[in-house]
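Student: Okay, handing you the structure first.
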Amino acid sequence: MNIKQHCFAVAALALTATVGHIQAQSVPATFQGVSPGLSLSGTFDGSTTRNVNSGVMKFDQFDAFCVDPYQFISYGQTVDYDKELTFSTPAVSDAIARLVGGYYASGQTAQEAASTQWAIWEILIDGVGSTDLTTGNNQVFNSTTADLAKTYLVNIDSLPKADVVYLTNGEFQDMVTTVVPEPSSLALLGLGVVGFLIRRKRG
């Protein structure tokens, strides 16, 4: 097999593998930690206190915020996520996208990350339009975090809206992120390399 035939064979295999991956829309990701963020106490049901690492969820392929506080994920754990473009309702999706956009337009400090995370949980737990994180089911027991999250929620319509993707799994915490690796992009990169090798052979 000459180099040209070999390159076309590699490209065909890469494209076949990619099509299967796109159809599944599965994104494997390994959770590495929370940074920037803060360890804070709070409650999601108005009574039971939990200590929560609150902020940017670091995965090996992307950063994210949690949109499912009722489930868990462990450090070093790899989860196969399904990609979704909306979450719950359009109003919820819009609010979350604005909170994420507001965070990335900010200084991205640990306090801003934690406040963004608790504001997202406020939307999910107590509903769109709720702004007080010291009452209701969702409460954070840190006045600085509660006040900043309230500021975000009160001014949510003025926050820039991020282009987000939701990553869901039935057993582990769901996430919202702005960057997800696309298998198709990897395939196009591979095809570009193949094309370069073919042109180099012709030259």
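Residues -24 to -1, 1 to 179 (mature numbering (1 follows the signal peptide of the UniProt record, and there is no 0)) are what the sequence shown spells out, left to right. Quick reminder that beta carbons are idealized off the backbone N, C-alpha and C, glycines included. Just so you know, these numbers come straight off a predicted model, no measurement behind them.
Is the number of C-beta pairs between the region 83 to 102 and the region 13 to 21 that are closer than 8 Å three or more?
Tutor: yes
Student: Helix, strand or coil: how does DSSP classify Asp39 here?
Tutor: strand
Student: Mind listing, in chain order, the continuous alpha helix (DSSP H) runs of no fewer than 4 residues lying wholly within the region 21 to 78?
Tutor: none
Student: Since Ala95 is in the alpha helix (DSSP H), which residue starts that stretch and which ends it?
Tutor: 86 to 101
Student: Along the chain, where does the alpha helix (DSSP H) that runs through Ser82 open and close?
Tutor: No alpha helix (DSSP H) contains Ser82, which DSSP labels as neither H nor E.
Student: Rounded to whole angstroms, how far is the Cβ of Gly18 from the Cβ of Phe117, which I believe are closer than 8 Å?
Tutor: 6 Å
Student: Can you give the Cα-Cα distance for Thr111 and Val28, rounded to whole angstroms?
Tutor: 18 Å
Student: Using only the alpha-carbon positions, how far apart do Val104 and Asp56 sit?
Tutor: 29 Å
Student: Based on the DSSP output, what are the partners of Gly9 in its beta bridges?
Tutor: Lys34
Student: Shortest alpha-carbon distance to Lys34 belongs to which of Arg26, Thr54, Thr24?
Tutor: The residue from Arg26, Thr54, Thr24 with its alpha-carbon nearest to that of Lys34 is Thr54.
Student: Below 8 Å on the Cβ atoms is my contact criterion, and I expect Val68 with Leu109 to pass it. Report the Cβ-Cβ distance as a whole number of Å.
Tutor: With a Cβ gap of about 17 Å, Val68 and Leu109 do not count as contacting.
Student: For Gln(-2), which residues in the same chain have their Cβ closer than 6 Å to its Cβ, ignoring the five residues on either side in sequence?
Tutor: Unreliable positioning characterises Gln(-2) in this predicted model, as indicated by a pLDDT of 40, which lies under 50. The coordinate reading is nonetheless provided below. Here the set comprises nothing.
Student: May I ask which residues mark the beginning and end of the beta strand (DSSP E) holding Thr153?
Tutor: 151 to 153
Student: Span of the beta strand (DSSP E) holding Leu143?
Tutor: 141 to 144
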